[in-house]
Amino acid sequence: MTEKDLLIKNDIREQSEGSSESLNSMKGEDYIPLNKSDAKKNASLFSSVANLSNAVLGSGILSLPYVFSLMGWALGMIMLFAVAGISWVTLQMFAITIRKVGKYTYEEIAEAAYGKKFSIFMKICIFGITLSASTSYLVIVGDTFPKVFNYSNPDGHSFWTGRVWISICLMLVVCFPLSMMKKMDSLKFTSTLSFISISYLVCLIIVRFPSLNATLKASETVAFRWNYMKILTGVPNIIFADTAHVVLLNVMGEFSNPTDKRIKKLTSLTLLACNVLYTIASLFGFFSFGTNASGNVLNGYKDNDIGAVIGRLVIGIVGIVSFPLFVHVARSSINHLLFHNKPFSWFRHMAVTLIFCGFTQTMALVLPEIQLITAFSGSTFSLISVFISPVLCYMKLIIPDSSRKQRIKYYLLMAFGVLLMCVCLSMIIMNQILHEK
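Next comes the structure, spelled out in structure tokens:
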């Protein structure tokens, strides 16, 4: 089962709560029982690591060379490992909470810990993460396809092969019709395609590195850059890239024999594999472009570079087929928040889909830089999912009787997360205002 399957199954489980008829129709290979005792836990450690890795790897890797250009390669590595370490700790805490409480949706765990209001708050956070992911995929589509269509004539751009026209056409012809589907089972292959695309991207960065690095000056590849505004603007991109906590719920729902030891192996191997790829892409990408690294690393290669054109095409296709899956999850969140007790309506289904697609497409055209979207999501929704909510749920559900002295390290971690969120978000806004001026 892949990352996209996990999102689909989570949504199906939530929809099954509302109607016994829909529950009966879903039973089959796409059905996950609501109770822990009924769940089929037959996924091996290897397949679970693969599923969770697919959840972590995504559009965030495209902006990591740019992040290194903001802070220098050595400081970038320190930040990458620091965020990975914190994510590893909170991922283990959350996995232990899932196993011992027996809940397999973020909302159920949040409600078990702090009631309905906290559950709604987490639903909003999940919606925010899916909104950011959806918009980032549309930005990727807008970045890649115009250059693919203009490959044979890179200097002959026209309105018909421009970003706006191609983005709108692909939305109307492909993305919106696919987003209208009630079930997204036919798009399960996208995670495999995504992994192949990311692997190709990393290979492309390595192969193109020698020729590009030869033209760089030493001043463009410094180890440390002590510009605090740029550092705090770059950190959220790393947090966004290391967010896997939401999909962990579904992986745990099928993970066989989820002991504490096996949970530790699962989270450790996943973050190790992903951060090895992140490290390679970040370092080789940074030493290819230096301080001129783009927010989307593919934009740094020439328009007529055949290797880069193939990379843009594959990544663009991933963006097209991945977007509807996140629309599916976001639409489920909207229905759960606003229309929880109402029966299914095709009119409402179309209206919600149309509004969401229109809004995300507008955002992708207004903010055509992927690092802005990943930075905003990383400093808000992703940061809450990594630093704050797993710790809150762990303290409430796993160690409710612990002393204040035992809890102090958890309070410090959450306080650091809140402080980081406030400071990073402020720096992102200030940096954008100064950039506009």
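Counting from 1, one number per residue, gives the positions in the sequence shown under the UniProt record's numbering.
For every residue, glycine included, the Cβ atom is placed at its ideal position computed from N, Cα and C.
What you are looking at is a predicted structure, and each value in this text was computed from that prediction instead of being measured.
How about residue i and residue j: do their beta carbons lie closer than 8 angstroms?
i: N299; j: Y151; result: no
i: E111; j: F118; result: yes
i: L277; j: I198; result: yes
i: Y137; j: G319; result: yes
i: L212; j: S288; result: yes
i: S377; j: I129; result: yes
i: I231; j: M77; result: no
i: I370; j: S59; result: yes
Is residue i close to chain B, meaning its C-beta is less than 8 angstroms from at least one C-beta of that chain?
i: S288; result: Among the chains in the structure shown there is no chain B, since it carries only a single protein chain.
Buried or exposed, going by whether 16 or more other CB atoms sit within 10 Å of the CB of residue i?
i: T215; result: exposed
i: S48; result: buried
i: C424; result: buried
i: N237; result: buried
i: K409; result: exposed
i: M395; result: buried
i: N335; result: buried
i: P343; result: exposed
Alpha carbon to alpha carbon, what distance is there between residue j and residue i?
i: L201; j: Y114; result: 42 angstroms
i: F176; j: G358; result: 9 angstroms
i: K27; j: N296; result: In this prediction, K27 has a pLDDT of 34, which is less than 50 and means its spatial position is unreliable; nothing more can be read from the coordinates.
i: F195; j: D401; result: 43 angstroms
i: E29; j: P258; result: Residue placement at E29 is flagged as unreliable, the pLDDT there being 33, under the threshold of 50; the coordinate-derived value follows with that caveat. The alpha-carbon atoms of E29 and P258 are separated by roughly 22 angstroms.
i: M171; j: S179; result: 10 angstroms
i: I239; j: V83; result: 6 angstroms
i: F381; j: P146; result: 31 angstroms
i: M421; j: A415; result: 10 angstroms
i: N431; j: F255; result: 43 angstroms
i: K182; j: T161; result: 32 angstroms
Shortest alpha-carbon distance to residue i belongs to which of the options?
i: I205; options: D143, G311 and T135; result: G311
i: G142; options: L392, A364 and L419; result: A364
i: L412; options: P400, V391, Q361 and D401; result: V391
i: Y106; options: G253, R163, P210 and S179; result: G253
i: L367; options: L269, A43 and S132; result: S132
i: L283; options: V386, L62 and L57; result: L62
i: residue 508; options: L266, L75 and K103; result: The structure shown has nothing for residue 508, since the chain only spans 1 to 437.
i: L354; options: A241, R331, N341 and K261; result: R331
i: S294; options: F68, S379, S53 and L266; result: F68
The alpha helix (DSSP H) with residue i in it runs from where to where?
i: R331; result: I306 to L338
i: C175; result: C175 -> no alpha helix (DSSP H), and no H or E assigned at all.
i: S132; result: K116 to F149
i: D401; result: Here D401 belongs to no alpha helix (DSSP H), and DSSP marks it neither H nor E.
i: M77; result: W73 to V101
i: G58; result: No alpha helix (DSSP H) contains G58, which DSSP labels as neither H nor E.
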